[in-house]
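Asks:
2 protein chains.
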Amino acid sequence: MSAIADVARLAGVSKSTASRALSGNGYVSEETRTRVEHAAAEIGFVPSSIASGLATGLTRTVGVVIPFVNRWFFAEVLEGIESALISAGYDLTLYQLHDDPVRRQRVFDYFLARKRVDAVIAIGISLSAHEVRSLKGLGKPIVGIGGEIPAISTLSIDDEAATQFLTEHLVSLGHTRIMHLGGDQNHQMDFAVHSRRLAGVRRALAAAGLSHPDDFRAVPYSIPGGYSGALAVLSNPATRPTAIVAGCDEIAIGVILAARELGIAVPAQLSVVGIDGHNLAELFGLTTLEQHPSAQGEHAVQLILERLGPDAGLAVDERIGVAIDFVVRRSTTAPPH
Amino acid sequence: MSAIADVARLAGVSKSTASRALSGNGYVSEETRTRVEHAAAEIGFVPSSIASGLATGLTRTVGVVIPFVNRWFFAEVLEGIESALISAGYDLTLYQLHDDPVRRQRVFDYFLARKRVDAVIAIGISLSAHEVRSLKGLGKPIVGIGGEIPAISTLSIDDEAATQFLTEHLVSLGHTRIMHLGGDQNHQMDFAVHSRRLAGVRRALAAAGLSHPDDFRAVPYSIPGGYSGALAVLSNPATRPTAIVAGCDEIAIGVILAARELGIAVPAQLSVVGIDGHNLAELFGLTTLEQHPSAQGEHAVQLILERLGPDAGLAVDERIGVAIDFVVRRSTTAPPH
DNA sequence: TCGCCATGGGGAACCGGTTCCATTGGACAA
DNA sequence: TTGTCCAATGGAACCGGTTCCCCATGGCGA
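These protein sequence lines are chains S and V, in that order. In terms of this note's numbering, the first sequence is residues 1 to 337. In terms of this note's numbering, the second sequence is residues 1001 to 1337.
1) Rounded to the nearest angstrom, what separates residue 1203 of chain V and residue 67 of chain S at their Cα positions?
2) With which residues is residue 94 of chain S paired in a DSSP beta bridge?
3) Which residues does DSSP pair with residue 1105 of chain V in a beta bridge?
4) Looking only at C-alpha atoms, which of V/1109, V/1139 and V/1050 sits nearest to residue 112 of chain S?
5) Can you find a CB in chain V that lies within less than 8 Å of the CB of residue 49 of chain S?
6) Compare the beta carbon distance of residue 1341 of chain V and residue 1063 of chain V with 8 Å and say whether it is the shorter of the two.
7) Roughly how many whole angstroms lie between the Cα atoms of residue 1334 of chain V and residue 1174 of chain V?
8) For residue 1152 of chain V, which of V/1326, V/1164 and V/1304 has the nearest alpha-carbon?
9) Taking only runs of the alpha helix (DSSP H) that begin and end inside the stretch 1013-1040 of chain V, which ones reach a length of at least 4 residues, in chain order?
10) Rounded to the nearest angstrom, what separates residue 1127 of chain V and residue 1075 of chain V at their Cα positions?
11) Starting from residue 56 of chain S, trace the alpha helix (DSSP H) both ways and give me its first and last residue.
12) Rounded to a whole number of angstroms, what is the C-alpha to C-alpha distance between residue 11 of chain S and residue 35 of chain S?
13) Can you tell me where the beta strand (DSSP E) holding residue 1155 of chain V begins and where it ends?
14) For residue 1032 of chain V and residue 135 of chain S, I'd like the C-alpha separation in whole angstroms.
15) Take the Cβ of residue 296 of chain S as the centre, count every other Cβ of all protein chains shown within 10 Å, and call the residue buried at 16 or more, exposed below.
16) Need the endpoints of the beta strand (DSSP E) that residue 325 of chain S sits in, please.
17) From what residue to what residue does the alpha helix (DSSP H) around residue 1181 of chain V run?
18) Looking at the structure shown, is residue 120 of chain S part of a helix, part of a strand, or coil, going by DSSP?
19) With DSSP as the reference, please indicate the residues paired to residue 1288 of chain V in a beta bridge.
20) Output, in sequence order along the chain, the residues in the stretch 1032-1061 of chain V whose CB is closer than 7 Å to any CB in chain S.
21) With C-beta atoms as the reference, is residue 1201 of chain V less than 8 Å away from residue 1245 of chain V?
22) Note down, in chain order, each residue of its chain lying with its Cβ closer than 6 Å to the Cβ of residue 1319 of chain V, except the 5 sequence neighbours on either side.
23) When DSSP labels each residue in this structure, what does residue 43 of chain S get in the three-state scheme?
24) Return the CA-CA distance between residue 324 of chain S and residue 1177 of chain V, expressed in angstroms with no decimal places.
25) Indicate whether residue 1193 of chain V and residue 1122 of chain V have their beta-carbon atoms separated by less than 8 Å.
26) Could you list which residues in chain S have their beta carbon closer than 8 Å to that of residue 1096 of chain V, in chain order?
27) For the beta strand (DSSP E) containing residue 1218 of chain V, name the first residue and the last one.
28) Mapping DSSP to helix, strand and coil, what is residue 144 of chain S?
29) Starting from residue 132 of chain S, trace the alpha helix (DSSP H) in both directions and tell me its first and last residue.
30) Any idea if residue 43 of chain S is buried or exposed, counting beta-carbon neighbours within 10 angstroms, 16 or more meaning buried?
31) For the beta strand (DSSP E) holding residue 244 of chain S, just list the boundary residues, first then last.
32) Under the DSSP definition of a beta bridge, which residues are partnered with residue 1319 of chain V?
33) Taking all protein chains shown into account, decide if residue 212 of chain S is buried (16 or more other Cβ within 10 angstroms of its Cβ) or exposed.
34) What is the DSSP secondary structure of residue 1125 of chain V, reduced to helix, strand or coil?
35) Which residues in the same chain have their Cβ closer than 6 Å to the Cβ of residue 293 of chain S, if we skip the five residues on either side of it in sequence?
36) Taking the alpha helix (DSSP H) that residue 1307 of chain V falls in, what are its first and last residues?
Have a look at this one:
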């Protein structure tokens, strides 16, 4: 285990000079620097990030808290975060937060607080006021993605405006029986996204005078979830909607598959829109509102780095909008007749 | 920044006693222990894992190296690893390895070697002999998942036997024109999986006397990849195979979607089998060979913990088989006529 | 010539736990 | 009673970089 002291000895300098030479801080003559570098290379010196972390108080690690890794949106965000962090020389420590409150508490107390990370990025999770306080109290910047968390910077689309826009699109095509298939409002992981998306649909329906009691059905946020939900909703031709606003692209794809199964033509007999920009959307010809999760991840890292940098004080906590693109494909058209 | 010294002072004991009381190592009277614990709780003592890591030489962190997080198999494995590690009190640091050799090198030299992790789990990545040596030289246990890596323990299905078995299944149903849609042999991330899966198909075909030149087409390992590959392969009714062995379930699902698009009935006119046990397999009625990636992830953690434990010396490096289940659904039957 | 400052470098404290070693006091056996 | 053993605890070294403080040298303006 060669330490910096060995490098120093070999180069014939003191520990402090060796440290300065290798880290680039402080004054070191060019000649000394190369001598130290050669010595380090010769004995295969690998600095201990643990030791430097103890000395500087920085771990160069960012904790990422996420509810799922196997759902498209989250995996994409994670990918963006990872590559941005690596480029910036940071490690990414992953904490998956399940519904289980005990494990959630454990992650917070035992891991995040233990000075193992310099900052936290929370994806699709609403932190409690207490959790936010405990992290902020430790001086750790936090950035959220995918919803709003009071008192911290969050990056997200405007969920209510998004579904309102999509619903208006369907209304403008002439649809009058529009339904929303989205997430369960009472779900642990809600993060208020589900309720806001439903609210957007309802606002647009109300504005168009198209409100009706069967405007919503809760389904799991997945292709099978959308599929079985749609089977139930579409099976009765009399009450069937002519258009569905899905809570996400996975649900929308499930709806399209269910429609095919039932022999319902999309879009001739049923229009479907989603939200996300899932990489299968194109294959299914899905009209959707693309958000770009991997870019959101990169943006979150950028915000974190600003808050870790020298001008940390300048950062203001606010809800930050992200880029979206409305992509019309083959799953939407005017209603039949 | 309350340190253990503050706790000790408040409890009226020495630093060493406070440390023993809180960590549970060494002799401490019951009364002293509770006094120290109360003191720690009172000032909200949070131990610094950095400091204890420096003292013990352990980071209680495992590095996970993975080529993708947004592909089903990898996301599932990651999920299994994460939950097993958290239960064991370990952190998981994620390193995504792209094709880019420069970034790959950087991850190895700069991150993995820097005493930031106690062990490494490599998923779907073949490590070079040099990379293995450098990690083993640092005394870090390594376990691989999803393929073989010389000189380290790897957890994987027998890829060749798997496709051979699936092909034999199709042969036994009476199919004579069987084709494999799988991964590109020359891909950076090959890990030999692609070639072994192809070899299994060819072995079964040869054994049945059904070898033919058009037995393989390389496609991306994804639903769109399987879809467009299948469109090309199935478009000519004269040369079209009656059965397809897909390299993974995503490809198989793409094939099914393409068949539907072309009006080819599955399984009446085309049988399709996959490998993985993807969570969409059931929805598409896909016959597949399930491997259980999240269980593989948990198993890998278990192997790592054994190698980090006191009996580390007893661990033998070998290829370790994993559980598989053959699940017959609605995508396979006898060929037409 | 004096003094200031920039540059270069050594010594030692320090970050915050862990652990080795020494000491003490009491129980128990000889 | 004396010796032995062990629970219980304190003191100090230690892990391995980082950085503060101090000293030396030399150039240059006043």
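Glycine is no exception: its CB is placed at the ideal position from the N, C-alpha and C atoms.
Replies: Checking against the coordinates, here is how it stands:
1) Roughly 43 Å separates the two Cα atoms.
2) S/64
3) Residue pairing from DSSP leaves residue 1105 of chain V without any beta-bridge partner.
4) Of the listed residues, the one whose Cα sits closest to residue 112 of chain S is V/1050.
5) yes
6) Limits of chain V in this structure are 1001 at one end and 1337 at the other, which puts residue 1341 of chain V out of reach.
7) 6 Å
8) V/1304
9) 1015-1023
10) 20 Å
11) 49-56 is the extent of the alpha helix (DSSP H) around residue 56 of chain S.
12) Rounded to the nearest whole angstrom, the CA to CA distance from residue 11 of chain S to residue 35 of chain S is 6 Å.
13) Annotation: the continuous beta strand (DSSP E) that includes residue 1155 of chain V extends over 1153-1155.
14) When only Cα atoms are considered, residue 1032 of chain V and residue 135 of chain S end up about 30 Å apart.
15) With 16 or more Cβ atoms within 10 Å of its Cβ, residue 296 of chain S is classed as buried.
16) 324-327
17) Segment 1178-1182 is the beta strand (DSSP E) holding residue 1181 of chain V; no alpha helix (DSSP H) there.
18) strand
19) V/1274 and V/1327
20) 1046, 1047, 1048, 1049, 1050, 1051, 1053, 1054 and 1059
21) yes
22) 1148 and 1154
23) coil
24) 46 Å
25) no
26) 79, 82, 83 and 86
27) 1216-1218
28) strand
29) 129-137
30) exposed
31) 243-246
32) V/1154
33) exposed
34) Here residue 1125 of chain V sits in coil by DSSP.
35) 73, 76 and 77
36) 1293-1308
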